[in-house]
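Let me begin by presenting the structure, written as structure tokens, before commenting on it.
Number of protein chains: 2
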Amino acid sequence: MPQSSSDPHGPDAADVDAQSAAGETGTLGKAVALLDLVARAENPPRFTDLLKLTGQPRGSLHRQLRHLVLEGVIDLSPDGVYTPGLRLLQFASRAWARNSFRLVAEPHLTRLHETTGETVHLGVLRDCEIVYLDKIESRQAVRMHSQVGNSAPAYCTGVGKAALSCLDDADLTARCARMVFHSYTPGTLARAGDLMDDIANIRARGFAFDLEEHQPGIRCVAAAIHAPAAGILGGISVTAPAFRAGSEQLDAWAEPVCRAANAIVADIAGRLGPRR
Amino acid sequence: MPQSSSDPHGPDAADVDAQSAAGETGTLGKAVALLDLVARAENPPRFTDLLKLTGQPRGSLHRQLRHLVLEGVIDLSPDGVYTPGLRLLQFASRAWARNSFRLVAEPHLTRLHETTGETVHLGVLRDCEIVYLDKIESRQAVRMHSQVGNSAPAYCTGVGKAALSCLDDADLTARCARMVFHSYTPGTLARAGDLMDDIANIRARGFAFDLEEHQPGIRCVAAAIHAPAAGILGGISVTAPAFRAGSEQLDAWAEPVCRAANAIVADIAGRLGPRR
DNA sequence: AAACTCGGTTCCATATAATGGAACAAAAGG
DNA sequence: CCTTTTGTTCCATTATATGGAACCGAGTTT
Numbered sequence: 054m055p056q057s058s059s060d061p062h063g064p065d066a067a068d069v070d071a072q073s074a075a076g077e078t079g080t081l082g083k084a085v086a087l088l089d090l091v092a093r094a095e096n097p098p099r100f101t102d103l104l105k106l107t108g109q110p111r112g113s114l115h116r117q118l119r120h121l122v123l124e125g126v127i128d129l130s131p132d133g134v135y136t137p138g139l140r141l142l143q144f145a146s147r148a149w150a151r152n153s154f155r156l157v158a159e160p161h162l163t164r165l166h167e168t169t170g171e172t173v174h175l176g177v178l179r180d181c182e183i184v185y186l187d188k189i190e191s192r193q194a195v196r197m198h199s200q201v202g203n204s205a206p207a208y209c210t211g212v213g214k215a216a217l218s219c220l221d222d223a224d225l226t227a228r229c230a231r232m233v234f235h236s237y238t239p240g241t242l243a244r245a246g247d248l249m250d251d252i253a254n255i256r257a258r259g260f261a262f263d264l265e266e267h268q269p270g271i272r273c274v275a276a277a278i279h280a281p282a283a284g285i286l287g288g289i290s291v292t293a294p295a296f297r298a299g300s301e302q303l304d305a306w307a308e309p310v311c312r313a314a315n316a317i318v319a320d321i322a323g324r325l326g327p328r329r
Numbered sequence: 054m055p056q057s058s059s060d061p062h063g064p065d066a067a068d069v070d071a072q073s074a075a076g077e078t079g080t081l082g083k084a085v086a087l088l089d090l091v092a093r094a095e096n097p098p099r100f101t102d103l104l105k106l107t108g109q110p111r112g113s114l115h116r117q118l119r120h121l122v123l124e125g126v127i128d129l130s131p132d133g134v135y136t137p138g139l140r141l142l143q144f145a146s147r148a149w150a151r152n153s154f155r156l157v158a159e160p161h162l163t164r165l166h167e168t169t170g171e172t173v174h175l176g177v178l179r180d181c182e183i184v185y186l187d188k189i190e191s192r193q194a195v196r197m198h199s200q201v202g203n204s205a206p207a208y209c210t211g212v213g214k215a216a217l218s219c220l221d222d223a224d225l226t227a228r229c230a231r232m233v234f235h236s237y238t239p240g241t242l243a244r245a246g247d248l249m250d251d252i253a254n255i256r257a258r259g260f261a262f263d264l265e266e267h268q269p270g271i272r273c274v275a276a277a278i279h280a281p282a283a284g285i286l287g288g289i290s291v292t293a294p295a296f297r298a299g300s301e302q303l304d305a306w307a308e309p310v311c312r313a314a315n316a317i318v319a320d321i322a323g324r325l326g327p328r329r
């Protein structure tokens with residue numbers, strides 16, 4: 054369900070707005086803001102581009118970049134363009150491998166994949182977008198590495214909406230206010246009001262749909278995974294092309310999806326008690 | 054060929070030594086050193102653990118961690134343990150998707166995989182270890198996401214040794230001095246002298262072997278990819294279980310591997326000229 | 001050629017942000 | 001209840017980041 058990073062689906066790259074907390078994080082904040090800028094840029098920026106984008110004085114920017122490059126977090130090509138560095142891959146690789154949420158969810162995802170025969174996703178909510186932590190797909194003819202770590206707006210994905218539905222209203226409205234809506238498809242819920250309505254339904258029935266709201270021809274059923282005591286809020290989904298995912302079929306999948314989600318929550322609770 | 058992150062093959066987690074440049078990167082340097090510590094830790098550390106590991110005063114450490122957590126680069130579980138944050142996954146996902154080296158190499162990897170029918174790796178050298186950028190495998194029954202971004206010591210992998218062989222002697226010996234050797238298997242070249250000898254051979258014949266030097270039962274042929282003008286030094290390899298990779302077979306694979314490597318270098322050169 | 005721009009790098013006095021010791025708070029445990 | 005361990009907050013001191021300006025090299029223009 055996450056878009057393959059190659060296909061352009063919007064006017065430009067600004068998929069989701071820069072989400073740097075901007076709360077006082079001092080020097081570090083500027084550094085990661087810079088990294089974020091470099092990582093989000095459609096085509097690798099050079100010094101002057103960043104100069105314009107950040108609006109910082111030359112000296113400061115130059116030193117910051119130099120430090121980031123020295124740390125291997127950003128790479129500087131000999132032709133003067135900045136690209137995200139390899140060190141990030143190493144960090145992320147470890148982060149992924151050790152992520153306990155993913156680890157406990159894994160067997161359940163496999164089982165869910167076996168019972169439904171369709172693609173299964175695991176995602177977590179991060180502010181207003183969901184980050185995909187895992188994916189199980191049968192015929193993985195196409196490359197799929199790219200999917201893990203990919204993020205998509207919460208308001209137009211099944212797991213995103215399912216996760217949002219767990220928030221209390223104050224938090225929910227606060228996040229909605231921070232969202233920048235974009236109509237990826239005709240079905241996208243592109244207004245906060247529509248989203249809130251859908252979330253009311255999701256709360257009522259206990260699971261969420263994505264009816265071609267992010268990618269045309271792609272539908273899914275999703276259930277939230279909420280374990281506040283463990284600081285986990287995310288979800289899982291079963292995704293399929295529309296012709297294979299009629300409303301009856303989606304309804305049929307809802308039950309195993311919810312069952313898997315509940316099982317994962319239970320497992321998390323089980324591993325939280327005897328922690329250490 | 055890269056170890057699946059779960060299996061313990063050494064006494065402990067300290068696979069490769071912390072490689073923070075430690076050259077003056079000021080505040081940022083400490084931040085990523087901290088991140089590195091958190092990412093490398095076998096089991097998620099808590100505040101006091103990090104206090105001991107870093108030796109920093111409580112106040113400073115606490116503030117640094119708070120900043121990192123605020124930026125989403127480190128997560129703080131409600132039970133007080135620090136884990137690498139999701140933001141890293143997002144960064145890495147973008148880094149991977151946009152990496153131009155990987156993009157130009159991709160078709161060649163696919164072709165090489167088709168001609169040999171075995172697993173193909175793409176890696177780049179980063180100081181003394183190689184980071185895997187891509188992998189093409191036929192029957193990917195087991196999970197493989199984890200492989201991308203994984204790193205392994207350069208001295209005991211095919212692509213690692215191939216890449217090392219491109220360095221001039223001064224640089225090479227400097228890096229050797231920085232390596233911490235560890236005998237993963239009986240075949241591991243665990244002394245700098247042995248490594249240098251092998252590298253001499255690699256230089257002579259133009260490609261490298263890994264004869265079960267990192268993982269028992271796994272062999273590979275590798276060729277370097279060196280494009281100094283583009284700042285790229287890495288390699289590709291064909292990997293197979295030992296019973297399928299006799300010395301004749303490895304020799305036979307060497308030619309297509311080298312051809313693919315050369316083709317990639319040519320492609321890189323092609324895209325470097327008309328840059329912008 | 002000299003004069004000009006443009007992209008990038010270096011320098012240095014100043015102000016700001018990180019430092020770290022110590023006090024404070026809150027659990028664990030004896 | 002008192003002690004120990006673990007985590008958080010405060011604040012004067014100091015080191016560090018800042019940013020304006022000068023500098024450099026390479027292309028362009030006159």
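Residue numbers (the working numbering), protein chains in the order written: chain C, 54 to 329; chain S, 54 to 329. No residue lacks a Cβ here, since even glycine has one placed at the ideal position from N, Cα and C.
Would you mind telling me which residues of chain S sit closer than 9 Å to proline 137(C), beta carbon to beta carbon, in chain order? From the beta-carbon of proline 137(C), the residues of chain S found nearer than 9 Å are Phe144, Ala145, Arg147, Ala148, Trp149, Arg151 and Asn152.
Give a yes or no on whether the minimum CB-CB distance between asparagine 254(C) and chain S is below 8 Å. no
Should the stretch 285-302 of chain C be called in touch with the stretch 163-180 of chain C, which here means at least 3 C-beta pairs below 8 Å? yes
With a 10 Å radius around its C-beta and 16 neighbouring C-beta atoms as the bar for buried, classify arginine 111(C) as buried or exposed. It counts as exposed.
Partners in chain S for glutamate 167(C), counting only beta-carbon separations shorter than 8 Å: Residues of chain S passing the Cβ test: none, with the nearest at roughly 13 Å.
What's the gap between the Cα of proline 269(S) and the Cα of threonine 238(S)? 6 Å
Since alanine 142(S) and tryptophan 149(C) are thought to touch, with beta carbons under 8 Å apart, how far apart are those beta carbons, to the nearest angstrom? Reading the sequence as shown, one finds leucine at residue 142(S) and not alanine. Sure, about 6 Å apart at Cβ, within 8 Å.
Does any C-beta atom of chain S lie closer than 8 Å to the C-beta of serine 218(C)? no
So the candidates are Arg147(S), Arg99(S) and Lys188(S); which of them puts its Cα closest to the Cα of asparagine 96(C)? Arg147(S)
Report yes if the C-beta distance between alanine 277(C) and cysteine 209(C) is below 8 Å; otherwise report no. no
For chain C, find out if any of its Cβ atoms is closer than 8 Å to the Cβ of histidine 120(S); answer yes or no. At least one chain C Cβ lies under 8 Å of histidine 120(S).
C-beta neighbour in chain C for aspartate 124(S), strict 8 Å: Sequence inspection shows glutamate at residue 124(S); the aspartate mentioned does not correspond to that position. By this cut-off, glutamate 124(S) is an interface position.
Would you kindly check if the distance between the Cβ of glutamate 266(C) and the Cβ of leucine 242(C) is under 8 Å? yes
Let me know the secondary structure DSSP gives aspartate 132(C) once reduced to three states. coil
C-alpha distance - glutamate 47(S) paired with glutamate 308(S), whole-angstrom precision: Since the displayed chain S opens at 54 and closes at 329, residue 47(S) lies outside it and no answer follows.
Could you give the DSSP three-state label for proline 97(S): helix, strand or coil? coil
Rounded to a whole number of angstroms, what is the C-alpha to C-alpha distance between threonine 101(C) and tyrosine 185(C)? 33 Å
Going along chain C, which residues have a C-beta under 7 Å from serine 204(S)? Gln143
Where leucine 121(S) and alanine 314(S) are concerned, what is the direct C-alpha to C-alpha distance, given to the nearest angstrom? 40 Å
Are the C-beta atoms of threonine 78(S) and some chain C residue less than 8 Å apart? Chain C, which has a Cβ nearer than 8 Å to the Cβ of threonine 78(S), makes this yes.
Please list, in chain order, all residues of the same chain as histidine 279(S) whose beta carbon is under 6 Å from its beta carbon, the five residues on each side excluded. Cys219 and Leu286
Taking the straight line between their C-alpha atoms, what separation do you get for arginine 244(C) and alanine 223(C)? 18 Å
Tell me the DSSP secondary structure of valine 201(S) in three-state form. When secondary structure is reduced to three states using DSSP, valine 201(S) falls in the coil class, being assigned neither helix nor strand.
Contact with chain C by serine 330(S), beta-carbon distance below 8 Å: With chain S covering 54 to 329 only, the question about residue 330(S) has no answer from this structure.
For arginine 179(S), would you say it is in contact with chain C, using Cβ-to-Cβ distances shorter than 8 Å as the test? yes
Bridge partners - aspartate 187(C), DSSP secondary structure assignment: Leu175(C)
For arginine 116(C), count neighbouring Cβ atoms within 10 angstroms of its own Cβ and tell me buried if that reaches 16, exposed if not. Classification of arginine 116(C): exposed, given that the 10 Å Cβ count is below 16.
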